[in-house]
Structures are given as C-alpha cells and as structure tokens.
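Comments concern the structure below.
2 protein chains.
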Amino acid sequence: MRVLDHPDAADVTIDDVLRALADPVRRKIVRQLMTNRDAQSCSCFALPVGKSTQTHHFRVLREAGIISQEYQGTSIMSSLRRDVIDERIPGLLDAILAAED
Amino acid sequence: MRVLDHPDAADVTIDDVLRALADPVRRKIVRQLMTNRDAQSCSCFALPVGKSTQTHHFRVLREAGIISQEYQGTSIMSSLRRDVIDERIPGLLDAILAAED
DNA sequence: GTCGTACTACGATCAACAACGTACTACGGT
DNA sequence: ACCGTAGTACGTTGTTGATCGTAGTACGAC
Numbered sequence: 001m002r003v004l005d006h007p008d009a010a011d012v013t014i015d016d017v018l019r020a021l022a023d024p025v026r027r028k029i030v031r032q033l034m035t036n037r038d039a040q041s042c043s044c045f046a047l048p049v050g051k052s053t054q055t056h057h058f059r060v061l062r063e064a065g066i067i068s069q070e071y072q073g074t075s076i077m078s079s080l081r082r083d084v085i086d087e088r089i090p091g092l093l094d095a096i097l098a099a100e101d
Numbered sequence: 102m103r104v105l106d107h108p109d110a111a112d113v114t115i116d117d118v119l120r121a122l123a124d125p126v127r128r129k130i131v132r133q134l135m136t137n138r139d140a141q142s143c144s145c146f147a148l149p150v151g152k153s154t155q156t157h158h159f160r161v162l163r164e165a166g167i168i169s170q171e172y173q174g175t176s177i178m179s180s181l182r183r184d185v186i187d188e189r190i191p192g193l194l195d196a197i198l199a200a201e202d
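Those sequence lines, one after another, are chains H and E.
Just so it is clear: in the first sequence, position 72 is 72 by our numbering, and no numbers are missing.
Just so it is clear: in the second sequence, position 67 is 168 by our numbering, and no numbers are missing.
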C-alpha cells in the first residue's frame with residue numbers, strides 16, 4: 001500500500017496555495033470537494049483533461065496542502081484539508097467558492 | 102497624455118484575479134496599496150526586480166482589474182480597485198492581506 | 001531647447017507548467 | 001492465475017510567464 005506524503009500545516013504557504021488555485025481545473029476539484037464534503041475518488045471528477053493530467057493536478061493540490069489523499073483499494077480518496085487552509089489563510093476558500101467561476 | 106484602459110467590473114474574472122495574485126511581487130504591490138490607501142507612483146514600491154519587470158507586473162494587475170493607473174506628470178499613480186474586487190470576489194483581498202506571506 | 005525623471009516597448013532568454021500518450025504498478029474480483 | 005480498474009511515472013511538446021537590457025517616449029523643470 002503506497003503512502004502519499006502531505007505537507008504539515010506549518011509548511012503550507014500562501015504562495016503555493018494561490019499558485020495551486022490559479023488554475024480552473026484545480027479550482028473545479030476544490031469546489032466539488034467543498035460542496036460534497038465526503039472524500040471522493042479521482043474518477044468522481046468530470047475533468048476536461050486526460051488521466052495523466054488529472055494526476056498532475058491532484059498532486060499539485062496535495063503538495064500545496066489543499067487536499068489530502070489516501071489509497072483505498074485501487075482508488076485514491078481525496079478530501080479537502082479545510083482546517084489547514086482555514087488556519088493559514090482564513091476566508092480564502094469561502095471567498096473563492098462564493099465567486100462564480 | 103497617454104490613457105491606460107481598465108477592464109469594466111463586469112469583465113473582471115476570478116481566473117485573471119487569482120492568476121495575478123499568484124505572484125509574490127504582485128501580492129507585495131497589492132498589500133502595500135491596501136495598507137497605504139492613497140494612490141502611489143510605481144517608484145514608491147521597493148520591488149526586488151528590474152524596472153521593466155515592474156512595468157510588466159503593474160500591467161498584469163491593471164489588466165486583471167485589480168488596480169487602476171493614471172498618468173500624473175511623468176508618474177503613474179496606482180490605486181487598488183477595492184470596490185471592484187470586493188464586488189466580484191468578496192473577502193479575497195482581506196484573506197490574502199491577513200495571511201502573512 | 002536641454003536635461004533628468006518615470007515609465008514603456010520591444011526583443012530575447014530561460015524556467016515553469018499544462019497537456020498528452022504510453023507503459024507501468026497495485027489492488028480487487030473471478 | 002488472469003483480467004479489469006484506478007491511478008502513477010516518465011518523457012515530450014507547446015505555451016505561458018518572469019526576467020532582463022536597451023532604446024525610446026512623455027512630461028516637468030530650468
């Protein structure tokens with residue numbers, strides 16, 4: 001069972017977070033994770049890019065500290081690290097969710 | 102007297118705004134404009150990049166609708182379009198200002 | 001008009017990044 | 001053991017973007 005590593009809350013930088021959120025595909029992922037609060041597998045997201053590109057975007061989000069991912073069978077369940085982002089940049093996620101894309 | 106054009110509030114997209122704010126130099130400009138509320142000339146900003154690069158960053162911010170700029174003599178006075186951003190993406194600027202960079 | 005200041009325009013370079021396809025791994029089910 | 005599913009890894013391509021330097025413009029002051 002592979003394990004993915006996630007940055008500690010203290011290592012989450014506003015720079016990484018904003019760079020990660022400056023892409024519409026990744027914002028779509030985040031928005032879906034905010035509205036459906038449960039962890040979801042990557043294939044639950046109808047993204048307009050190929051599979052390997054999806055992998056890339058999920059990794060960017062994970063490495064920025066925005067989502068957490070853990071293996072569950074052949075799937076990876078992703079969920080929002082709301083506590084972390086709300087601690088580091090309070091209000092950011094809500095502001096982005098509220099604004100229509 | 103040259104005139105610079107600015108996007109209408111309605112044309113300001115979250116995509117452009119987030120892309121613009123995903124750069125530390127541009128965030129520094131925005132943060133300074135938020136704390137010193139008056140319009141300031143480009144040379145008031147101690148930015149760690151060359152002059153032509155500064156021009157580039159100011160233009161990105163202006164074209165994203167985040168700042169307005171107008172000529173005043175040989176200088177260009179820049180100010181934050183707080184009303185526009187607060188209308189389009191309420192809470193975003195405050196969230197970014199509050200978070201330490 | 002001449003000079004200095006403030007900024008722009010243009011062209012170049014280099015790094016970052018989004019996207020893809022193919023080949024691969026890991027796991028569950030049969 | 002075999003197959004299918006879910007996702008990764010790797011190498012590549014094309015685009016965007018940050019940076020710079022140099023040359024140029026526009027204005028104010030003298």
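Built from N, CA and C at the ideal position, the CB exists for glycine as well.
Does DSSP put residue i in a helix, in a strand, or in coil?
i	result
Leu97(H)	helix
Leu121(H)	Nothing about residue 121(H) can be read from this structure; chain H reaches only from 1 to 101.
Leu47(H)	coil
Ile85(H)	helix
Ile67(H)	strand
With residue i as the anchor, note down where its alpha helix (DSSP H) starts and where it stops.
i	result
Ser52(H)	Lys51 to Glu63
Ile130(E)	Pro125 to Thr136
Ala20(H)	Ile14 to Leu21
Starting from the C-beta of residue i, find all residues in its chain whose C-beta is less than 7 Å away, skip the five residues before and the five after it, and write them out in chain order.
i	result
Arg182(E)	Gly166, Ile167, Ile168 and Ser169
Ser142(E)	Ser176, Ile177 and Met178
Gln54(H)	Cys42 and Leu47
Ile96(H)	Leu21 and Arg27
Between residue i and chain H, is the shortest Cβ-Cβ distance under 8 Å, so that the two count as touching?
i	result
Ile190(E)	yes
Leu43(E)	The structure shown does not extend to residue 43(E), since chain E is modelled only from 102 through 202, so no value can be given for it.
Asp187(E)	no
Pro125(E)	yes
Leu134(E)	no
I'd like to know if residue i contacts chain E, where contact means its C-beta is closer than 8 Å to some C-beta of that chain.
i	result
Ala10(H)	no
Ile29(H)	no
Asp15(H)	yes
Asp83(H)	no
Leu21(H)	yes
Leu92(H)	yes
Asp5(H)	no
Is the beta carbon of residue i within less than 7 Å of some heavy atom of the ligand MN?
i	result
Thr156(E)	Questions concerning the ligand MN fall outside what the structure shown contains, since it holds no ligand whatsoever.
Who are the near neighbours of residue i in its chain, counting only those whose CB is closer than 8 Å to its CB and skipping five residues on each side?
i	result
Leu33(H)	Gln40, Ile67, Ser78, Ser79 and Leu80
Arg2(H)	Tyr71
Ile14(H)	Arg88 and Ile89
Asp102(H)	Given that chain H is displayed from residue 1 to residue 101, the structure contains no residue 102(H) and the question cannot be resolved.
Phe146(E)	Lys129, Ile130, Gln133 and Gln155
- Task: Pull out every residue of the segment 57 to 80 of chain H whose Cβ sits closer than 8 Å to any Cβ of chain E, in chain order.
- Result: none
- Task: Output, in sequence order along the chain, the residues in the segment 137 to 156 of chain E whose CB is closer than 7 Å to any CB in chain H.
- Result: none
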